[in-house]
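Residue numbers (this note's numbering): 1183 to 1588.
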């Protein structure tokens, strides 16, 4: 008979962590256990030999639009109804569970932007271990710019559903409403481990960092801690495969709950309410999605012409950034090489227009005019018909063309 499976090892470590008291004497032991737990979860998600929860038929959806939103939740909570109400795609809805068996995409048009919405099959407890095609569902969610976690407010177990879903996504490497830890970590070939702190009174100590690195068999590295972080967050930095996405908790079916329950839900951060049956708070949900995606619409302008206000260029902070350089790359990659300066009108400009460089951050509904460098020779520009020397000014060319007086 073989040894214990990966799931059994994970369960044993989680049990030991739960029953171990947290104090200064057990900090090192808990850090080592958490590092082992991260390694085992990675082995569970990426098994050797390529078996397990890879992408399968029905889940490979190409990215379209300016952003991607994934609908995640338990079966029969209203995900397909939300897709049908907010997009032109009609997803099958019924009174039984697991109506949706594949990934169904739709496009949401809002404020001139195209947002791709994915209706994913309902996941159940144990999805991170492969139950109910849970790994495929979560793998698609990792590619999204935002997660809409749909919960059933009328079931009486919405908080339990939220806790289970958060745990399943956490195990699979999704970090909801969190930012990457501000820490510098780099492996080296030689030189040992160097640990430095710039944060005041961090929760993690140098001994904890050394123990975690020893568990990962890393003996040469540079570590600079710039903010307070935990052992789990340091393990995330070492793994390097965590996805940090924004999440909005949507409590559906509020028409079956009381006003007090609705007020309690709305008072929580990152939460909103909805009723697809009575069509309540549709505009509020759209505003929340727009706020969380933080899309930046930029309008382009040619020299001597009014700006084109009908077809905006949409920039996303989570994909390529909202700088002038990102706008140039989205128009054409050669613009960055030939870039001279940019004129900006809008909220990001201190005065209109402001002459900026590539690192300038743009705001929503800004107008930009990109100026490129002048070509100095015919070889670089085959369409240049000028016969003047590159060093001659316009006045010199004009004088040279005048006939001599006799």
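Here a beta-carbon is modelled for each residue, glycine too, at the ideal position from N, C-alpha and C.
Is residue 1555 near the ligand SAM, judged by its Cβ being under 7 Å from some heavy atom?
Among the components of this structure there are no ligands whatsoever, and the ligand SAM is therefore not found.
Which runs of the alpha helix (DSSP H) spanning at least 4 residues fall entirely within the region 1514–1563, listed in chain order?
1516–1519
Would you kindly work out how many angstroms separate the C-alpha atoms of residue 1429 and residue 1452, rounded to a whole number?
7 Å
Opposing strand residues paired with residue 1367 [DSSP bridges]
1405
Straight-line Cα distance separating residue 1426 from residue 1285:
22 Å
When you compare each of 1199, 1501, 1299 to residue 1471 by their alpha carbons, which one comes out closest?
1299
Own chain partners of residue 1456 with C-beta closer than 6 Å, once the 5 adjacent residues on each side are dropped:
1432, 1434, 1463, 1467
Terminal residues of the continuous beta strand (DSSP E) containing residue 1498?
1495–1498
Beta carbon of residue 1393, beta carbon of residue 1210: below 8 Å?
yes
Under a Cβ-count criterion, where at least 16 other Cβ atoms within 10 Å of its own Cβ denotes burial, should residue 1526 be classed as buried or exposed?
buried
Which two residues bound the contiguous beta strand (DSSP E) that contains residue 1290?
1286–1292
Assumed close pair residue 1377, residue 1405 - CB separation to whole angstroms, cut-off 8 Å
5 Å
Separation of residue 1354 from residue 1192, as counted between CA atoms
14 Å
Should residue 1303 be labelled buried (16 or more other beta-carbon atoms within 10 Å of its own) or exposed?
buried
Nearest-angstrom Cα separation, counted from residue 1532 out to residue 1262:
45 Å
Can the beta-carbon of residue 1249 be found closer than 8 Å to that of residue 1320?
no
Mind reading off the beta-carbon distance from residue 1373 to residue 1402? Whole number of angstroms is fine, and I expect it under 8 Å.
6 Å
Are the Cβ atoms of residue 1364 and residue 1408 separated by less than 8 Å?
yes
Skipping 5 residues on each side, what residues in its chain have a beta carbon closer than 6 Å to that of residue 1522?
1553, 1554, 1555
Terminal residues of the beta strand (DSSP E) in which residue 1482 lies
1477–1482
Consult DSSP for residue 1349 and reduce its assignment to one of helix, strand or coil.
helix
Let me know the secondary structure DSSP gives residue 1202 once reduced to three states.
coil
Can the beta-carbon of residue 1384 be found closer than 8 Å to that of residue 1410?
yes
Selection from 1439, 1245, 1260, 1512 that minimises the alpha carbon distance to residue 1330
1260
Span separating the alpha-carbon of residue 1255 from that of residue 1342
12 Å
Among the residues of its own chain, which have a CB less than 6 Å from the CB of residue 1489, if the five just before and after it don't count?
1481, 1483, 1549
With H, G and I counted as helix, E and B as strand and the rest as coil, what does DSSP make of residue 1234?
Any reading at residue 1234 needs caution, since the residue's pLDDT is 44, under 50, leaving its predicted position unreliable; the model's value is listed next. Correct three-state label for residue 1234: coil.
Nearest-angstrom Cα separation, counted from residue 1517 out to residue 1337
55 Å
Whole-Å CB distance - residue 1218 paired with residue 1442, under 8 Å assumed:
About 44 Å; that fails the 8 Å criterion.
Pick from 1301, 1465, 1436 that is closest to residue 1266, judged by C-alpha positions:
1301
Which residue from 1412, 1323, 1380, 1339 puts its Cα closest to that of residue 1362?
1412
In chain order, what residues of the same chain have a beta carbon less than 6 Å from the beta carbon of residue 1367, not counting five sequence neighbours either side?
1405, 1419
Assigned secondary structure, residue 1426 (DSSP; H/G/I helix, E/B strand, else coil):
strand
With DSSP as the reference, label residue 1336 as helix, strand or coil.
coil
Which two residues bound the contiguous alpha helix (DSSP H) that contains residue 1266?
1261–1268
Buried or exposed: which applies to residue 1474, given that a residue is buried once 16 or more other Cβ atoms fall within 10 Å of its Cβ?
buried
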